[in-house]
Structures are given as C-alpha cells and as structure tokens.
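Visitor:
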Amino acid sequence: MPEVIIDEEFRLLLPTLDGETLRLLEDSILQHGCRDPLVLWNGILIDGYNRYKICTHHDIPFNTVNMEFDSRDEVLIWIITNQVSRRNLTPIQLGHFRGLHYIAERKIQGSNNQFSQKSEKAQNVPFHSGSTASRLAEQYNVSHITIKRKKKRYQASIFLTATDLA
Numbered sequence: 000m001p002e003v004i005i006d007e008e009f010r011l012l013l014p015t016l017d018g019e020t021l022r023l024l025e026d027s028i029l030q031h032g033c034r035d036p037l038v039l040w041n042g043i044l045i046d047g048y049n050r051y052k053i054c055t056h057h058d059i060p061f062n063t064v065n066m067e068f069d070s071r072d073e074v075l076i077w078i079i080t081n082q083v084s085r086r087n088l089t090p091i092q093l094g095h096f097r098g099l100h101y102i103a104e105r106k107i108q109g110s111n112n113q114f115s116q117k118s119e120k121a122q123n124v125p126f127h128s129g130s131t132a133s134r135l136a137e138q139y140n141v142s143h144i145t146i147k148r149k150k151k152r153y154q155a156s157i158f159l160t161a162t163d164l165a
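Numbering (numbering that gives the first Met the number 0), first residue to last: 0 to 165.
(1) Tell me, which residues are paired with isoleucine 4 by DSSP?
(2) What is the rounded straight-line gap between the Cα of glutamate 4 and the Cα of tyrosine 48?
(3) Taking the alpha-carbon of threonine 63 as reference, which of Gln108, Trp40, Glu8 and Ile91 has the nearest alpha-carbon?
(4) Which whole runs of the beta strand (DSSP E) in the stretch 29-78 are 3 residues long or more, in chain order?
(5) Look at the Cβ atom of phenylalanine 61, then the Cβ atom of leucine 37, and state whether they are nearer than 7 Å.
(6) Near phenylalanine 96, which residues of its chain fall below 6 Å by C-beta distance, leaving aside the five closest residues on each side in sequence?
(7) By the three-class DSSP mapping on this structure, what secondary structure does asparagine 87 have?
(8) State buried or exposed for glycine 94, treating a residue as buried only when at least 16 other CB atoms are found within 10 Å of its CB.
As structure tokens, then:
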C-alpha cells in the first residue's frame, strides 16, 4: 500500500461520521473493497480518512490519486468545496466551512488583512472581479453579509479553542 501522511489540520476539518454511517462504510469496504481512491497532495491525505482507517485496520488494499495545488490554502479550499458538495452538513458545519473558505481565499489573494499571505499564484493569475465575499455568496447561494459573518464566527471559534488549550 502507498505511504500516506495524515495531516491533523486537514483531518480535523472534516465532520466525523456517526457510528451507523461508519459501520455501513466499513461493511461496504469489507464486502466490496475500497472502490474509491484516496486523494493525496504531496503524499498527504486530503480525502478518504474513514476509508483509509478502515482499509489499514483490515489490511485491505486501496488506490490513491494525486492532486496538484500551489499551497495549503488551495488544498483547504478543495477540501471544503469537496465536503460541501457531497455531505449532508448541518447549518452550523456549513457556516463554519463558508467562513474558513473565505479566509483561505483571502490568504491566497494576498489581501491586506491579518491573514495576508503572498503567493506566486496571487501575483500571476488575475482574480475574479468583485469581492471575495460576493463571489462566495453566489457560490453558496447566500448573501455576502452571511459570508463575512461566518468568517467572524470562525475566527472567534479559533480564539476560544486556542484560549481553552492554553
């Protein structure tokens, strides 16, 4: 089996499966094998954590596909978009992902805010017209105010988590 790196930041982004859903996935993999490949970026697992855990526990072979991204923030956006498109997320989880997506987009753009991070791609690729919040609002079918509000809630939750850990 290919070597797979688990990145805790990426893994912790994803909602955990409830016991019944995880059991059904395990039953399916035991019966049919791992039909969907795990998705890697530079050897780091970015999709398929539950399948990986089940396969390694039962020594079941699995395939992988590699994806190319210019930065961790681009990977983060892909993970968010992938999860939002395929899972039944609670409104709270969906709002969390919207806020995180907004922050990652702003970092990639190298905007002048506290999350600013210059990248080669940001300097060479023209961005969509309009604000980041407006583009994401259209993508998620919500208002740009909702996107900005979710960003603030996400930032607050990070602060509370960091404070609780201290």
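Cβ coordinates follow ideal geometry from the N, Cα and C atoms, glycine included.
Guide: On the basis of the coordinates in this document:
(1) Ile43
(2) Residue 4 is actually isoleucine in this sequence, not glutamate. Rounded to whole angstroms, isoleucine 4 to tyrosine 48 spans 11 Å at the Cα level.
(3) Trp40
(4) 37-40, 43-46 and 63-65
(5) yes
(6) Ile79 and Val83
(7) coil
(8) buried
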